[in-house]
């Protein structure tokens, strides 16, 4: 047995129930050795979460489904049947994350590790883990959170695929992809101390703190129940459940309107992303991730300002999700924008020549032919800045209102991942 196979076999053995002594892996089979008298049907049900393949496995082992097998019996389960089990897999993990299994505690779990029924996941203050299930559901556990995998049963195609989780503390974001018509439907449910949320295809989050639970729907709809009262929550709605108080439905804050709306957004550590103030927002959350679904977050910050300045260690393509947070601690609908993060080459800087020619403004740079990013505003300290990418040869001309002040600033775009530092600011005052 090679070392990789040995690791797989040991990891599988540690996840077994108390009725199994151990599992040895061959080229095609998992071998289950009984330390308690069981029927083959019981073994298959426990190992595969279904008795769907009991007849085939009984025939393969040359035993009866219902006969009680003595302690020490070895049963072989072919690998294709093992692959039919439903389970979660770790898609992304960072920081302090504890994976508690029946017989093993891992910190942190490796990418690709199986998450099975009965497992628990706990994140520290800097921890994050993203889990994907075969049925199409994704669960993102935020820092300082804990969730238990109560049930995962999607093998029997004659009934619903069932995934049930208990969110014990912290915040968990879930997305359930609707299955095409004719395929096995998914019943995805999250329970907290004071509410439950059931969906088939949607995106939502639950937030659990001492004495208060929240569910917020950002896409689709959720059937929420708190205090025996059922509520159908569409996108943009949330439910607050507090101990001893009747649950209340709230409106989530709308998605922020981001000022950077260029077709090509290049950001460096010198840049700020700004947005309009949201009425009712006490603070804002900004998450930078390497994927649009935000399953691989790089940074998450909460603050009161209406601007965000990225500071990343590596250039490349990223996604920024912005959302407001209200006074009841509900996170609103997000705005997600993609951007190219560029490093700064501070050895190069544009030296602009700006000249007014009637209604036209001419901008020239004697030593550079190439793409520039031009920032245009009406005052030195304005956050209302228009950005545009222009190819400059000898000069460019802009038609601008002569009755307005105009401020110009620019930098070289040296490629997808590099820019120069910004030029000085140039002010053209309005013509009286």
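Numbering (the numbering used here), first residue to last: 36 to 467.
Using N, Cα and C, we set each Cβ at its ideal position, and we do this for glycine too.
Small disclaimer: the values here were computed from a predicted structure and weren't measured.
CA-to-CA, the gap between residue 401 and residue 429 works out to about 7 Å. Proximity of the segment 174 to 192 to the segment 206 to 226 meets the contact definition, three or more beta-carbon pairs being nearer than 8 Å. Setting aside the 5 residues that flank it on each side, residue 433 is surrounded in the same chain by 396, each with a C-beta closer than 6 Å to its C-beta; the list follows chain order.
Boundaries for residue 300: no beta strand (DSSP E) harbours it, and the DSSP string shows neither H nor E there. Proximity of the segment 450 to 467 to the segment 372 to 381 meets the contact definition, three or more beta-carbon pairs being nearer than 8 Å. Less than 8 Å divides the Cβ of residue 336 from the Cβ of residue 321.
Contact annotation: residue 66 and residue 109 have beta-carbon atoms nearer than 8 Å.
The segment 411 to 421 and the segment 349 to 365 do not touch, with fewer than 3 CB-CB distances between them shorter than 8 Å. Take the alpha-carbon of residue 284 and the one of residue 213: they are about 25 Å apart. Between residue 334 and residue 381, the C-beta spacing is not below 8 Å. For residue 252, the CB contacts under 6 Å within the same chain, skipping 5 residues up- and downstream, are 239, 268, 270, 272 in chain order. Taken in chain order, the complete beta strand (DSSP E) segments of 3 residues or longer contained in the segment 136 to 177 are 155 to 158, 163 to 168, 172 to 176. For residue 387, the secondary structure class from DSSP, reduced to helix, strand or coil, is coil. In terms of Cα proximity to residue 237, the closest of 94, 224, 181 is 224. Nearest neighbour of residue 440 by Cα position, chosen from 422, 465, 221, 426, turns out to be 465. Going by C-alpha positions, residue 169 is about 18 Å away from residue 128.
For the segment 321 to 373, the full-length beta strand (DSSP E) segments reaching 3 residues or more read 332 to 338, 351 to 361 along the chain. CA-to-CA, the gap between residue 185 and residue 311 works out to about 42 Å. DSSP places residue 100 outside both helix and strand once states are collapsed to three, so it counts as coil.
Counting along the chain, no beta strand (DSSP E) covers residue 439, and no H or E run does either.
Look at residue 313 here: in three-state DSSP terms it is coil, with no helix or strand label. Shown here for residue 201: same chain residues with a beta carbon closer than 7 Å to its own, the five before and five after excluded, namely 182, 183, 185, 226 in chain order.
Distance from the CA atom of residue 123 to the CA atom of residue 325, rounded to whole angstroms, is 21 Å.
At the C-beta level, residue 368 and residue 290 come within 8 Å of one another.
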